[in-house]
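Order-wise, the sequence lines are chains S and E. Here our numbering is used: position 270 in the first sequence is 270, and no number is missing along the way. Here our numbering is used: position 91 in the second sequence is 1091, and no number is missing along the way.
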Amino acid sequence: MAGIYTAIFIHLTSVIINQSSTFIHVAFLRETPLLVIEVFIALTSIYGVYLGIEVIARQNELVWPVWTLSILIIILLVAKEINPDNFRPIVENGIMPIIKGSALVSPFRGEIFLLLMLFPYLNKKQEVYKTAVYYLLATAFVGGLITAVLIGVFGDVIPVYMVFPTYDLARYISVAQFLERIQILIVVMWILGGIVKMAVFFHTSAIAAATTLGLKNYRATLLPILAGTIIISRVFYGDHLRLADYLFNIFPYYGWAVELLIPALVLVIAVIFKKGGKFLRDD
Amino acid sequence: MINLLRKLMVILLVFILLFTSGCWNRREMDTLTVNSALGFDLITSDGKSKILLSVLTLKPSPGASSGGSMGGDTGQQQTAPGQVISITGDTIQDAVRNWGQQSSRQLFMGHTVLFVISESVAREGIGWVIDFCTRNRDIPERAMVVVCEGMARDCLQAQPEFETQLSTEIFNILTLNQFFTAKTRGTDIITMMYDLLTPGREASTAFLKPFTPPEKGSTIRQTPQADEEKGEQPQQKVANVSGVVVFQGEKLAGRLNELETQGMLFIIGEARGGVIPVAFDSTEKNTSFLFRDVNTKVKPLVKKDEITFQVEIKGTGELIGAAPETIDITKESDIKIMENMISQEVEHRCRSAVIKAQELRSDVFGFGDKIHRTQPEVWKEIENRWEEIFPYVEVDITADFSVEHSGLIGKSLEIR
């Protein structure tokens, strides 16, 4: 079980690496090989992981205000372009499209299941539920807000065609023909956030691998994992189109399975066999 | 051990910094041509239809160190900083890359502000141009799309009157027009895409027209050289905008003249300022009203077999000119008459816009979109037939304008 999950974590990490670097590759550095971007971004976050979980947390603390401010600035600057008419008609085709749409993004919310892996490291274990709920609400709110702004500005049709709608949103900002071209904010946010997220995933996979192999120190597994993730990301998701295919067609089911179904099954089994918390924690 | 590792890490990081201080490939300024406008024409060569892409480039100023002469002879370095260079290709992207066949510098489109599409291309469809504009990552989304009379290549060669670049001039005209005259509509790429993709809404954009000014080269940029050689050179063309063209789908359907355009802008609520002359106490137009703060409400009324749109236009403004002995702004009755006349004139302009658009079967007002947004269940039934329905819908226009003040002079002058 632990081995399977190690593989799953490594796979998820490689997808995240690919996501992070593909955007840079497609939108900015088209002539830079994807591999180079991937290696540099992954190395940065691996370094954070190497220094331990506290560094990741501190890094997150640094990134958070930058991230929030950037998104606020972008939304405020583009707010005058919002056309309220674009929000109508509300729920035109019934409730089904909403459920389908949520299914697509729900695995991203489900990534909070990593918290299970971080559980042993927490000092105040009681607060974890509260934090998790806050996290879920916050990501859902930010995601919803950005989507709402997108629809308000571009309508409901254009974003369908856009590959990176939020980036286009930032590109569209123009205040009095003076404050323009601030799309680089998006890149800053993307790289900063991506590195933190990647670090958490790397950390998780490293712990999982170390547990599987019976190692005391997870740091030894970092470099093999790095190599593995990059190879997976290059071999399976060599280009943006295949990545998009995965995210739209496979990830919803796969994500549900590994994030909710399997952990839930394990929990049920554990309850049935009355095994204690220790077993759960190992998974 | 840790210390050694740390030192190694620092050295590694410094090396990474040294070698990654930029992009993978160099794209230096002196290897690029910055273009500010692109023109699209279709030509036939060898029986095949090809794209003629005209590029309005910024020429490096003579003072700046330029790597090589740019296509033209060096004697032309003194002329205006813009230069039009055209290239052909099977597709736009092909043409863009073919640029490299005749120029030593790569095209950089990050400063494109204007896309000029010739009328004949627009009749064939502009979808591929919009695709090019939105897919390319360098092109700013605020760039304007206009349709021009004749060939885009000739149009781009028109001389700018005040700005150094024609593209800047047209761009500024289009951005300011909405607030100044409201007689044309500048449509940027995203708006164009929005209009093209939204069901029940057709696109419209400014119509660019080159013309030869009657004034003898007064404001027109004259090249000093040409002056010396010929003494007087033939009048150069300048470009102006005139009304809008409207599309049906991606194909150009026809033109609206300036007054019809203003009516259209009133209905879609984009008119923010302009002058309405009215004939007060006379058969001739002798009084000018400047409108501001226009608010438009469109309400679709769907009955059994007919659809009516109620358009309510409310606006305020000021009296900015009156012929002698016409209006007495101090009299309440005169203001009332004036306001009625203005409202009638606005209604007239809107109505003519609607009639013209219905003739062209092009729903530039987004009436269908309005039904879609307010009564989706009705829209579902008529969506496929909307093109046939639109020419016959009733449009009720009521305008209500009020005069707020009359500038620094009260009643009109009384000449004795």
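The C-beta atom is built at its ideal place from N, Cα and C for all residues, glycine as well.
Beta-carbon proximity list for residue i, same chain, < 7 Å, skipping 5 on both sides
i, result
"residue 1049 (chain E)", "1042"
"residue 164 (chain S)", "23, 27"
"residue 200 (chain S)", "56, 114"
"residue 1109 (chain E)", "1035, 1136, 1138, 1139"
"residue 182 (chain S)", "170, 173"
"residue 1310 (chain E)", "1299, 1301, 1396"
"residue 1153 (chain E)", "1039, 1041, 1052, 1054, 1084, 1086"
"residue 1002 (chain E)", "none"
"residue 1258 (chain E)", "1183, 1242, 1243"
"residue 1032 (chain E)", "1105, 1106, 1108"
"residue 1120 (chain E)", "1042"
"residue 1262 (chain E)", "1182, 1183, 1271, 1274, 1349"
Classification of residue i by the beta-carbon crowding that lies within 10 angstroms, buried from 16 upward
i, result
"residue 252 (chain S)", "buried"
"residue 1405 (chain E)", "exposed"
"residue 1169 (chain E)", "buried"
"residue 1132 (chain E)", "buried"
"residue 125 (chain S)", "exposed"
"residue 64 (chain S)", "exposed"
"residue 1101 (chain E)", "exposed"
"residue 1015 (chain E)", "exposed"
"residue 1204 (chain E)", "buried"
"residue 1068 (chain E)", "For residue 1068 (chain E), the pLDDT reaches just 40, beneath the cut-off of 50, and the residue's location in the model is therefore unreliable, although a value from the coordinates is still provided. Counting Cβ neighbours within 10 Å, residue 1068 (chain E) comes out exposed, since fewer than 16 surround it."
"residue 1105 (chain E)", "buried"
"residue 1344 (chain E)", "exposed"
"residue 16 (chain S)", "buried"
"residue 86 (chain S)", "buried"
"residue 1440 (chain E)", "Outside the shown range of chain E, which is 1001 to 1416, sits residue 1440 (chain E), and nothing can be said about it."
"residue 54 (chain S)", "exposed"
"residue 960 (chain E)", "Residue 960 (chain E) is absent from the structure shown; chain E starts at 1001 and stops at 1416."
"residue 1392 (chain E)", "exposed"
"residue 80 (chain S)", "exposed"
"residue 103 (chain S)", "exposed"
"residue 166 (chain S)", "buried"
"residue 205 (chain S)", "buried"
Same chain, Cβ closer than 8 Å to residue i, five either side skipped, listed in chain order
i, result
"residue 1122 (chain E)", "1147, 1245, 1247, 1251, 1252"
"residue 128 (chain S)", "115, 119, 122"
"residue 35 (chain S)", "230, 234"
"residue 189 (chain S)", "66, 67, 70, 71"
"residue 1117 (chain E)", "1039, 1040, 1126, 1129, 1145, 1146, 1147, 1148, 1152"
Beta-carbon neighbours of residue i, restricted to chain B and to distances below 7 Å
i, result
"residue 1376 (chain E)", "As a matter of chain content, chain B is missing from the structure shown, whose protein chains are S and E."
Neighbouring residues, chain E, relative to residue i (Cβ below 8 Å)
i, result
"residue 158 (chain S)", "1190, 1193, 1194, 1197"
"residue 155 (chain S)", "1194, 1197, 1198"
Chain S residues whose Cβ lies nearer than 9 Å to that of residue i
i, result
"residue 1373 (chain E)", "85, 86, 87, 88, 89"
6 Å CB neighbourhood of residue i in its chain, flanking five on each side removed
i, result
"residue 1390 (chain E)", "1363"
"residue 1330 (chain E)", "1410, 1411"
"residue 1275 (chain E)", "1288, 1290"
"residue 978 (chain E)", "In the structure as shown, chain E starts at 1001 and stops at 1416, and residue 978 (chain E) therefore has no counterpart that could be examined."
"residue 1238 (chain E)", "1158, 1159, 1161, 1213"
"residue 158 (chain S)", "none"
"residue 18 (chain S)", "233, 237, 243"
"residue 194 (chain S)", "20"
Amino acids of chain E, ordered along the chain, whose beta-carbon sits closer than 9 Å to that of residue i
i, result
"residue 244 (chain S)", "Within 9 Å Cβ-Cβ: nothing; residue 244 (chain S) doesn't reach chain E, min ~15 Å."
Residue i beta carbon near the ligand PLP (any heavy atom closer than 8 Å)
i, result
"residue 1195 (chain E)", "As far as ligands go, the structure on display features none, and thus does not contain the ligand PLP."
Mind checking the segment 1166-1198 of chain E against chain S and listing, in chain order, the residues whose C-beta falls within less than 8 Å of any C-beta there? 1175, 1190, 1193, 1194, 1197, 1198
Against chain S: residues of the segment 1130-1159 of chain E by CB proximity under 8 Å: 1134, 1137, 1140, 1141, 1142
Validate contact between the segment 1293-1302 of chain E and the segment 1359-1371 of chain E using beta carbons, cut 8 Å, 3 pairs: yes
Determine which residues of the segment 163-177 of chain S have a Cβ less than 8 Å from any Cβ of chain E, and write them out in chain order. 168, 171, 172, 174, 177
Closer than 8 Å between beta carbons: that is the criterion. Which residues of the segment 9-40 of chain S meet it against chain E? 26, 27, 28, 29, 30, 31, 32, 33, 36, 40
Given 8 Å as the limit, is there contact between the segment 242-252 of chain S and the segment 93-108 of chain S, that is, 3 or more CB pairs closer than that? yes
Three CB pairs or more closer than 8 Å across the segment 1006-1015 of chain E and the segment 1087-1094 of chain E: no
Please determine if the segment 38-57 of chain S and the segment 235-244 of chain S are in contact, where contact requires at least 3 C-beta pairs separated by less than 8 Å. no
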